[in-house]
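Participant:
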Amino acid sequence: MSRMVYAVVLFMIQMPTGAIRNSSADISDECLHCICMVESDCKDPKCVMDLGSLSCGPYQIKDPYWIDCGKPGPSWKECASNKTCAEYCMRQYRIRYQNRIGRCSINCEFQARLHNGGPNGCTTRKNSTDVYWAKVKKCLETGLPWR
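Heads up: the sequence shown runs through residues -19 to -1, 1 to 128, numbered per mature numbering (1 follows the signal peptide of the UniProt record, and there is no 0).
#1: Is the CB-CB distance between Q92 and C37 below 7 Å?
#2: Between Y74 and C17, what straight-line distance do the alpha-carbon atoms span, to the nearest angstrom?
#3: Closest to R72 by CA distance: which of C50, G98, Y40 is it?
#4: Rounded to whole angstroms, what is the Cα-Cα separation between C70 and C120?
#5: Quick check on the DSSP output: the beta strand (DSSP E) that includes L35 runs from which residue to which?
#6: What's the C-alpha gap between D25 and S62?
#7: Give me, in chain order, the residues of the same chain whose beta-carbon lies closer than 8 Å to that of T110; leave out the 5 immediate sequence neighbours on both sides.
#8: Where W47 and V29 are concerned, what is the direct C-alpha to C-alpha distance, given to the nearest angstrom?
#9: Which residue's Cα is closest to the Cα of G33: S86, P45, E122, P39?
#10: By Cβ distance, which residues of its chain are closer than 6 Å to P53, with the 5 residues on each side in sequence left out?
#11: Which class does D111 belong to by DSSP, given the choice of helix, strand or coil?
#12: Is D31 helix, strand or coil when you go by DSSP?
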């Protein structure tokens, strides 16, 4: 336990000032909450097999996603299981792929489709993110879990 606390503190110290919030990386708390609810009911489940690879933490982050966001934290699984680190990763991932906006506007829809569908989550070829976005949108509109 103390090792995990040390790792999180070390991560927070090493994080650049202002890195979490800037205009291109800003994701509303409501958006993050709804993505978290859709992914895991905002719990920290053990890693689960999803489409042939492991997804971990409340946001169900995969290793390639973590690599693309810059490998924050002590390790992929530890970052994915730590909400602060996972949300930082999501913001960095958004910055990296913000030029792939496709059919989405820069808002929660973009973040949700990017998170679920990867770098091409907002392109017309990625209709598989429609169902995911509908769940996140329902949560945003009602304030209730997506079910």
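We treat Cβ as the ideally placed atom computed from N, Cα and C, and that holds for glycine. Remember, predicted model here, so these are calculated numbers, not experimental data.
Facilitator: Concretely, from the data shown:
#1: Position 111 of the sequence shown, counted from the first residue, corresponds to residue 92. Position 56 of the sequence shown, counted from the first residue, corresponds to residue 37. No.
#2: The sequence position of residue 74 within the sequence shown is 93, counting from 1. The sequence position of residue 17 within the sequence shown is 36, counting from 1. If you take the alpha carbons of Y74 and C17, they lie about 16 Å apart.
#3: Position 91 of the sequence shown, counting from 1, holds the residue named residue 72. That would be C50, whose Cα lies nearest to the Cα of R72.
#4: Sequence index remark: in the sequence shown, residue 70 carries index 89 (1-based). Sequence index remark: in the sequence shown, residue 120 carries index 139 (1-based). Computed Cα separation, rounded: 22 Å.
#5: For the purposes of this step, residue 35 is taken as residue 54 along the sequence shown, with counting starting at 1. Segment 34 to 36, the beta strand (DSSP E) holding L35.
#6: Position 44 of the sequence shown, counted from the start, is the residue given in the question as residue 25. Position 81 of the sequence shown, counted from the start, is the residue given in the question as residue 62. When rounded, the distance between both Cα atoms is 6 Å.
#7: Here residue 110 refers to the residue found at position 129 of the sequence shown. Excluding residues within five positions, the ones whose Cβ falls inside 8 Å are A93, R94, N97, G98, G102, C103.
#8: For the purposes of this step, residue 47 is taken as residue 66 along the sequence shown, with counting starting at 1. For the purposes of this step, residue 29 is taken as residue 48 along the sequence shown, with counting starting at 1. So the alpha carbons of these two residues sit roughly 16 Å apart.
#9: If you number the sequence shown from 1, residue 33 lands on position 52. Answer by Cα proximity: P45.
#10: Walking along the sequence shown from the start, residue 53 turns up at place 72. Excluding sequence neighbours, P53 sits near C60, C66, Y69, C70.
#11: Indexing the sequence shown from 1 puts residue 111 at position 130. In this structure, D111 counts as helix in the three-state DSSP scheme.
#12: The residue you call residue 31 lines up with position 50 of the sequence shown. D31: strand per DSSP, three-state reduction.
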